Amino acid sequence: MAEDKTSEGDHPGEQPRDFIRSRVAEDVAAGKHGGEVHTRFPPEPNGFLHIGHAKAITINFSIAAEFGGVCNLRFDDTNPAREDPKYAAAIEEDLAWLGFSWGDNLFHASDYFEQLYQYALQLVEKGLAYVDDLSAEETREYRGTVNAAGRKSPFRERSVEENLDLFRRMRAGEFSDGARTLRAKIDMASPNMNLRDPAIYRIRKVTHQRSGDEWPIYPMYDFAHGLSDSIEGITHSLCSLEFENHRPLYDWFLDKLGVFHPQQIEFARLNLSFTVLSKRYLTQLVDEGLVDGWDDPRMPTLAGLRRRGYTPEAVRSFLAGIGVAKFNSTVELVLLENALRVELNKTAPRRMAVLDPLKVVIDNWPAGEVDFLTAINNPEDESAGTRTVPFSGELYIEQGDFKADPPKKFWRLAPGNEVRLRYAFYIKCTSFETDPETGDVTLVHATYDPETRGGDSPDGRKIKATLHWVSAEHSFEADVRNFDHLFQTPNPMAGDDKTKFKELLNPDSLGLKTGCKLEPGLAEAQPGERYQFERLGYYCVDTRLSAPQAPVFNRAVALRDSWAKVQARG
RNA sequence: UACCCCAUGGUGUAAUUGGCAACACAUCUGGUUUUGGUCCAGACAUUCCAGGUUCAAGUCCUGGUGGGGUAACCA
């Protein structure tokens, strides 16, 4: 079944025709590049992938697959100062988890350092690039502003011979960090800032994670990226909107060098409510210990979502649902959550767990007797079968399922009221005890109807509420984490002050509940397994915090709760 | 104040390229139900504004308005 889902959507025609697919289809129809489609996903190994990256990944891999092509994985490792192989490993793991494969097409921009250097040499020879001695600060000054043209560097008119000599010496390591750069000679007055003689190479005597100390100079993104695309024969370079202004430069390098010319197409990146989708800000949360690492289940990273209990199918289904466009939008988080609910409703076995226990004593239950009842594992999937759960005279139910003074429309347990215990018996509340100090209900007394075993009554009397429960003596205690939104506001990045977002973190996002009472079979639950706790939500056994016979559960997503809505309305 | 891009229900996307505005989620109503879950039925938009072309405009043209991006030797 999982196979069906993975291959779904990988066939042309099943995906909605967004503007990118339309353009690619046109190119294929026109026989461009022999009708071939070849894409790539080019992450920089300097952080973990998040759901926003998953959008870019899905676009690149799915479009390639739909048109019978392949998608390369290429690490854009041109800045060794801030990159780390540990991130590359995590990225590969996330990609594989999502269900995409790149086969043998795993590349690194650093694979092309020599060829890129040769390309740069060609530009110098053509008089299209020059070595500049201006400092970083001077360069900024000379560049001008969006409203004022820049000025030409005094080193702009060096001869080809001198530039060649200087650039070769840069490569030989003769100059110190930042002493010179190689710049493209384009137009210091261009209204597009990217065209004001952008840097192509900078001097950085930093050991590279793959090429070691072979290179004292490293190419800049605009130069390395487009030419890497070209070297790999990428036909469609699909990236996010902020690179739109870079496309003229992307094209310029390829045109001037006369090499294979991929088409860059930009789409809007994903924004999700109640979270942040920027590697820079997520890195701050991790580094400052505001979350428990990149795979904290509250994080929108793929590692976090995975640990929380999301499935790759749910993530892909969500991504397919939101489409692809150029409009800068914010998708409601509930859409992601719903995608997971839809899948888990069909696949997750049901279990009973009481998170906020309240003890119920069945006063007419035969002392010491234990009954074993049959419970359906998944009403949506008959093949999931049934299981047996023990029932006794002392039970736990949810505190919220009893009210001494029930409000209107409250159908659950209350003095004199009868409810059904799922798969067990009807019980009627006879009395309750309270804590004299706090007034909290501490114990509920009830009687059961022996005729209702299994949850049906021979007289067919209607019962409005069905409660989940566990037998006190048979249950075991566990920690359950009822996660809430990482941020308190739908758009933490709204204000002008982008440093403010950390103040908007939701202090209650962890939702830790200890001493929860779970049905006995759950003690065997294995890390990564997902269950529906009846009437509560979908939970996943944490892969880090669980121990044998001591699972810790993460709430992946809550069930819809229409009673909560009624209550909220008053 | 320069350049580039964008604008369709509450949210995100469609609309066979000029022909009855569709789908999902959300919200609200009702029904079914041994999960207040699932499922089923119904409700919810004069397509940013103003002109123009046309028998016909979400779609084409002109002009506004609003939003996003851009001034790293980051990617």
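Just so we're aligned, residue 0 is where the first sequence starts under numbering that gives the first Met the number 0, counting upward by one.
We put the CB at the ideal spot given by N, CA and C, even for glycine.
Computed from a predicted model, the values in this text were never measured in an experiment.
query                                                                                                                                                                     : result
At a cut of 8 Å, does the region 444 to 457 reach the region 501 to 518 through at least three beta carbon pairs?                                                         : no
Between the Cα of Glu-136 and those of Leu-304, Arg-246, Thr-488 and Arg-179, spot the shortest distance and give me the residue it belongs to.                           : Arg-179
Could you tell me which residues DSSP pairs with Pro-218 in its beta bridges?                                                                                             : Tyr-200
Contact between the region 257 to 264 and the region 209 to 223: three or more CB pairs below 8 Å?                                                                        : no
Evaluate Ser-229 with the Cβ neighbour count: other Cβ atoms within 10 Å of its Cβ, from every protein chain shown; 16 or more gives buried, anything less gives exposed. : buried
For Gly-225, count neighbouring Cβ atoms within 10 angstroms of its own Cβ and tell me buried if that reaches 16, exposed if not.                                         : buried
Enumerated in chain order, which unbroken segments of the beta strand (DSSP E) with a length of 3 residues or greater are wholly contained in the region 349 to 435?      : 356 to 361, 370 to 375, 385 to 390, 393 to 397, 417 to 420 and 425 to 433
Going by the DSSP bridge assignment, what does Ser-470 pair with across the sheet?                                                                                        : Leu-394
Let me check understanding here. Comparing Cα to Cα, which of Glu-241, Leu-289 and His-245 lies closest to Arg-268?                                                       : Glu-241
If I'm right that Thr-138 touches Ala-108 with Cβ under 8 Å, what's the distance once you round it to whole angstroms?                                                    : At roughly 23 Å, the Cβ-Cβ gap does not stay under 8 Å, so Thr-138 and Ala-108 are not in contact.
Report the residue ranges of all beta strand (DSSP E) runs contained in full by the region 490 to 528; include only those spanning at least 3 residues, in chain order.   : 511 to 517
Indicate whether Pro-299 and Thr-274 have their beta-carbon atoms separated by less than 9 Å.                                                                             : yes
What distance in whole Å lies between the Cβ atoms of Val-27 and Phe-74, which are believed to be in contact at a cut-off of 8 Å?                                         : Incorrect: roughly 28 Å between the Cβ atoms, too far for contact.
Just the C-alpha distance for His-235 and Gly-288, rounded to the nearest angstrom, thanks.                                                                               : 39 Å
Excluding five sequence neighbours on each side, which residues of the same chain lie with their C-beta closer than 6 Å to the C-beta of Met-332?                         : Checking the sequence, you will find Leu at residue 332 rather than Met. Cβ within range, chain order: Leu-271, Ser-272 and Phe-273.
Determine, using beta carbons only, whether Leu-105 and Asn-71 come nearer to each other than 9 Å.                                                                        : yes
Reducing DSSP to helix, strand and coil, say where Tyr-538 ends up.                                                                                                       : strand
How far does the alpha helix (DSSP H) with Glu-92 in it reach, from first residue to last?                                                                                : 84 to 97
So what's Ile-264 in DSSP terms, helix, strand or just coil?                                                                                                              : strand
Rounding to the nearest angstrom, what Cα-Cα distance links Val-290 and Arg-246 in this structure?                                                                        : 37 Å
Could you pull out every residue in the same chain whose Cβ sits closer than 7 Å to the Cβ of Trp-94, ignoring the five residues on either side in sequence?              : Note that residue 94 corresponds to Leu in the displayed sequence, not to Trp. Closer than 7 Å at the Cβ level, and outside the excluded window around Leu-94, lie Ile-56 and Leu-72.
Tell me where the alpha helix (DSSP H) around Leu-120 begins and ends.                                                                                                    : 112 to 124
Measuring only the C-alpha atoms, how far is Glu-397 from Glu-518?                                                                                                        : 13 Å
Who are the near neighbours of Arg-350 in its chain, counting only those whose CB is closer than 8 Å to its CB and skipping five residues on each side?                   : Leu-517, Glu-518, Gly-520, Leu-521, Tyr-530, Gln-531, Phe-532 and Glu-533
Take Ala-445 and list the residues in its own chain whose beta-carbon comes closer than 8 Å to its own, dropping the five residues that flank it on each side.            : Val-359, Val-360, Ile-361, Asp-362, Leu-412, Ile-426, Lys-427, Cys-428 and Thr-429
Pull up the distance between the alpha-carbon of Glu-113 and that of Met-187, whole angstroms please.                                                                     : 28 Å
Does DSSP classify Ala-555 as helix, strand or coil?                                                                                                                      : strand
Find out if the Cβ-Cβ distance for the pair Ala-423, Trp-468 is shorter than 9 Å.                                                                                         : yes
What residue range does the alpha helix (DSSP H) around Arg-340 cover?                                                                                                    : 332 to 346
Under DSSP, the beta strand (DSSP E) around Phe-60 begins and ends at which residues?                                                                                     : Run containing Phe-60: none in the beta strand (DSSP E); it sits in the alpha helix (DSSP H), 50 to 65.
Suppose the cutoff is 6 Å on Cβ atoms and the five residues either side in sequence are ignored; what does the same chain contact list for Met-0 look like?               : Reliability of the predicted coordinates at Met-0 is poor, the pLDDT of 28 falling under 50, and the value obtained from them is presented with this limitation in mind. Cβ within range, chain order: n/a, list empty.
Leaving out five residues on either side along the sequence, give the residues of the same chain with a beta carbon under 8 Å from the beta carbon of His-260.            : Ser-229, Asp-250, Leu-253 and Asp-254
How would you call Arg-554, buried or exposed, if buried means at least 16 neighbouring beta carbons within 10 angstroms?                                                 : buried
Given this structure, state the Cα-to-Cα distance separating Ala-471 from Glu-393, to the nearest angstrom.                                                               : 6 Å
Could you tell me the distance, in whole angstroms, from the CA atom of Leu-509 to the CA atom of Asn-376?                                                                : 28 Å
Kindly indicate which three-state DSSP category Gly-211 falls into: helix, strand or coil?                                                                                : strand
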